[in-house]
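Novice: Submitted below is the structure of interest, expressed as structure tokens.
Numbering (UniProt numbering), first residue to last: 1 to 353.
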């Protein structure tokens, strides 16, 4: 399957199951019209973004939204309209997410679990997928409104989502509902069956934790910024040429390279170059397919040589984190079997003849 290198792909969100694809009893038995089901769908992206912030997994977020719609459909007769449909769906989604978070395990990034590795360190065995924060396609989380997307993406950054995982599940929900979704204390309390005073108290504790674990420097990618677009273009050129001098010129002094599901991360431009010329040398002659973005950041389908001339096979979903005029994070998500279909990427690239 041919694809031009550097091609920007839109994400089809093909994994999503729509409400009208679910086997449901006859409308006459439920009293639910197609219009109501359509109104559910209108909230899918924002609910998916909410569930992703809660769960740290794009796949679990989709599952949570589907379960939310299923529960909403089954209990729609009890919806009295005292709150908006949106608030009601968020209440259900919150309960779904809290059910899914019933356990001690939290998702993390490699830099949350250990110190940096030496560039010549042996590669450790992959950890299970439930250990890691996963990327989410922009198209799963953002609507068509550019202003809405600009507001939402700052709280979908990998660093923010990872920081949220340090919070107990209820505090996490309160922080997101109050500070991201701008729900009132009363609305949040109703969704969680708590008192407003308890909500405000939990919010203060959540803020205190976030102030300790959230990075002070935030990824601030702006696609309308010409200098940042040029930075991303130069990254692609340097990586595809495997020019480590050009690549390191683009990196911050404390740049971090990570490769989930491998518990390894490399810090600093010189160490990144040494790693890429050593254990990472299989990436030489890679090709990158530009995506519409992940977590509000530049993202690529990264293909490595297959051994057959003119054919490249999946290696990673690569997500960059930028800090003004330099690259602060190189995130190579290696679970291509699950992630490439999610991002609508082909199983191989073939050079056009």
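Every residue, glycine too, gets a C-beta built ideally from N, C-alpha and C.
(1) Which first and last residues belong to the beta strand (DSSP E) in which residue 160 is found?
(2) Take the Cβ of residue 230 as the centre, count every other Cβ of all protein chains shown within 10 Å, and call the residue buried at 16 or more, exposed below.
(3) For residue 118, collect the residues of the same chain with a Cβ closer than 8 Å to its Cβ; drop the 5 residues on either side in sequence, then sort them by chain order.
(4) Between residue 63 and residue 208, what straight-line distance do the alpha-carbon atoms span, to the nearest angstrom?
(5) Ignoring anything shorter than 3 residues, give me the beta strand (DSSP E) runs that lie fully in the stretch 188 to 221, in order along the chain.
(6) So, under 8 Å CB-CB, residue 108 and residue 136 are touching, yes? Tell me the CB distance rounded to an integer number of Å.
(7) Among 195, 193, 161, 166, which residue has its Cα nearest to the Cα of residue 180?
(8) Just list the residues that DSSP pairs residue 259 with in beta bridges.
(9) In the DSSP assignment, find the unbroken alpha helix (DSSP H) run with residue 67 in it and report its ends.
(10) Is it buried or exposed for residue 74, if we count other Cβ within 10 angstroms and need 16 for buried?
(11) On the CB-based measure, 16 or more other CB atoms within 10 Å of its CB, does residue 309 come out buried or exposed?
(12) Are the CB atoms of residue 259 and residue 332 within a distance shorter than 8 Å?
(13) Under the criterion of a Cβ to heavy atom distance below 7 Å, does residue 103 qualify as lining the ligand SAM?
(14) Give the single residue among 129, 115, 113, 176 whose Cα lies nearest to the Cα of residue 47.
(15) How should residue 128 be labelled, buried or exposed, when 16 other C-beta atoms within 10 angstroms of its C-beta is the threshold for buried?
(16) Can you list, in chain order, the residues of its chain with a C-beta nearer than 6 Å to that of residue 341? Leave out the 5 residues immediately preceding and following it.
(17) Quick one: is residue 68 buried, meaning 16 or more other Cβ sit within 10 Å of its Cβ, or exposed?
(18) Between which two residues does the beta strand (DSSP E) carrying residue 142 extend?
Specialist: Concretely, from the data shown:
(1) Note, residue 160: premise wrong, no beta strand (DSSP E); alpha helix (DSSP H) at 158 to 164.
(2) exposed
(3) Same-chain partners within the cutoff: 271.
(4) 31 Å
(5) Secondary structure remark: continuous beta strand (DSSP E) runs of at least 3 residues inside the stretch 188 to 221: none found.
(6) With 8 Å as the limit, residue 108 and residue 136 do not qualify as a contact, their Cβ atoms being about 16 Å apart.
(7) Looking at 195, 193, 161, 166, the one whose alpha-carbon comes closest to that of residue 180 is 161.
(8) In the DSSP output, where bridge partners are listed per residue, residue 259 has 262.
(9) 58 to 74
(10) exposed
(11) exposed
(12) Cβ atoms of residue 332 and residue 259: closer than 8 Å.
(13) Although the ligand SAM was asked about, the structure shown includes no ligands whatsoever.
(14) Residue 47 has its Cα closest to that of 176, out of 129, 115, 113, 176.
(15) Under this definition residue 128 is an exposed residue.
(16) none
(17) buried
(18) According to the DSSP assignment, residue 142 belongs to no beta strand (DSSP E), since it is labelled neither H nor E.
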